[in-house]
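In this note's numbering, the protein residues as written are -15 to 226.
From the three backbone atoms N, C-alpha and C, an ideal C-beta is built for every residue, glycine too.
Encoded as structure tokens, the structure appears first; notes follow it.
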Amino acid sequence: MTNETPATSSAPKGLASRLLGVIFSPRATYAEIVARPRVLGALAVVIVVIAATTYAFLSTEIGQRATVDQQISFMQSMGMNVTDQVVTNVESRAAQGKYFSAVGIVVFVPVAMALMAGLLIGFFNAIMGGEASFKQVYAVVVHSGVIGALQTLFVTPLNYAKESMTSSTSLAVFLPMVDDTGFFGMVLGSIDLFRIWSTLSLAIGLAVLYKKRTAPVAWSLLAIYGIIVVIIAGVRAALSGA
């Protein structure tokens, strides 16, 4: 038995209305999404926006140079020995990065969202006693991805202007004096305002779907996000200091 939300008497929201509704009126929009779970249109928009924007950025010399700098910085933070040969190899592959990134997004995004939906339905259904269908949970997850697509549109021009892949919407922006190679700096650099927004949007959708209060769901998801950020930052800090 699935957690069926009674359909409203009004006409179903169109794709554009749902996408804008996630941003401006999430609770009412998620109620519509739960009642009539549709995935393909929203998923296609999220994938196309992220893939196309990333492809366009990486097609530029600035984007390719920024990607090289980011990869080298990441390898150094992981304690790798970055030789001249390694740098040459990274630079030689920069021009092809736009293709790999675009294809990776097309493949990874729907799979990652499906895995997230599976984890969420496993927790809320198996542990919390919910009765939502996978299609309902997947629809909520996919529509929350609209915030991620919006982030790409917002951040990419900023990255182009400053010729860097460093997030322009992370907490590190507000504390530039903190060393970004240290543990605290890595934590700040990994906490992104758009990701927080996306997490809150997902929490609203899940609360509507499972008829729960939004606050506990939101705090739980944010806590998991924070734990993941701290673990990754701790591993990177340990490796870079090794």
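(1) Taking only three categories from DSSP, how would you classify Asp68?
(2) According to the Cβ coordinates, are Gln48 and Ala79 closer than 8 Å?
(3) Is it buried or exposed for Thr38, if we count other Cβ within 10 angstroms and need 16 for buried?
(4) Quick one: using the 10 Å Cβ neighbour count with 16 as the cut-off for buried, is Pro200 buried or exposed?
(5) Which of the three DSSP states is assigned to Lys119 in this structure?
(6) Could you give the distance in angstroms between the alpha-carbon of Met100 and the alpha-carbon of Asn73?
(7) In the structure shown, what three-state DSSP assignment does Ala207 receive?
(8) Using 10 angstroms around the beta-carbon of Val90, count the other beta-carbons present and answer buried if the total reaches 16, otherwise exposed.
(9) With respect to the alpha helix (DSSP H) encompassing Arg11, which residues constitute its N-terminal and C-terminal limits?
(10) Relative to the C-alpha of Thr30, which residue among Ile212, Val125, Met161, Gly173 is closest?
(11) For the region 168 to 177 and the region 80 to 87, state whether three or more C-beta atom pairs, one from each stretch, are separated by less than 8 Å.
(12) Hey, is the region 9 to 28 in contact with the region 48 to 58, meaning 3+ C-beta pairs nearer than 8 Å?
(13) Measure the beta-carbon distance from Ala191 to Leu205 and round it to whole angstroms, keeping in mind my assumption that it falls under 8 Å.
(14) Can you confirm whether the region 213 to 220 touches the region 159 to 174 when touching is taken to mean that 3 or more C-beta pairs between the two stretches lie within less than 8 Å?
(15) Per the DSSP calculation, Ser85 is bridged to which residue(s)?
(16) Using the Cα positions of Val95 and Val6, report the straight-line distance between them to the nearest angstrom.
(17) Considering only the beta carbon of each residue, do Ser182 and Ile131 sit closer than 8 Å?
In short:
(1) Of the three classes helix, strand and coil, the one that applies to Asp68 here is helix, per DSSP.
(2) Note that the C-beta distance between Gln48 and Ala79 is below 8 Å.
(3) Counting Cβ neighbours within 10 Å, Thr38 comes out buried, since at least 16 surround it.
(4) That one is exposed.
(5) Of the three classes helix, strand and coil, the one that applies to Lys119 here is helix, per DSSP.
(6) Approximately 34 Å, taken between the alpha carbons.
(7) Three-state DSSP puts Ala207 in a helix.
(8) The residue in question, Val90, is exposed, as its Cβ has fewer than 16 Cβ neighbours within 10 Å.
(9) Note, Arg11: alpha helix (DSSP H), 10 to 19.
(10) The question names Thr, but residue 30 in the sequence shown is Val. The residue from Ile212, Val125, Met161, Gly173 with its alpha-carbon nearest to that of Val30 is Val125.
(11) Not touching, per the Cβ criterion.
(12) Remark: fewer than three beta-carbon pairs, one from each stretch, lie closer than 8 Å, so the region 9 to 28 and the region 48 to 58 are not flagged as touching.
(13) About 10 Å separates the Cβ atoms of Ala191 and Leu205, ruling out a contact at the 8 Å cut-off.
(14) Contact between the region 159 to 174 and the region 213 to 220 is present, because at least three Cβ pairs lie under 8 Å.
(15) Ser85 is not bridged by DSSP to any residue.
(16) Val95 and Val6: Cα-Cα distance of roughly 21 Å.
(17) Contact: yes.
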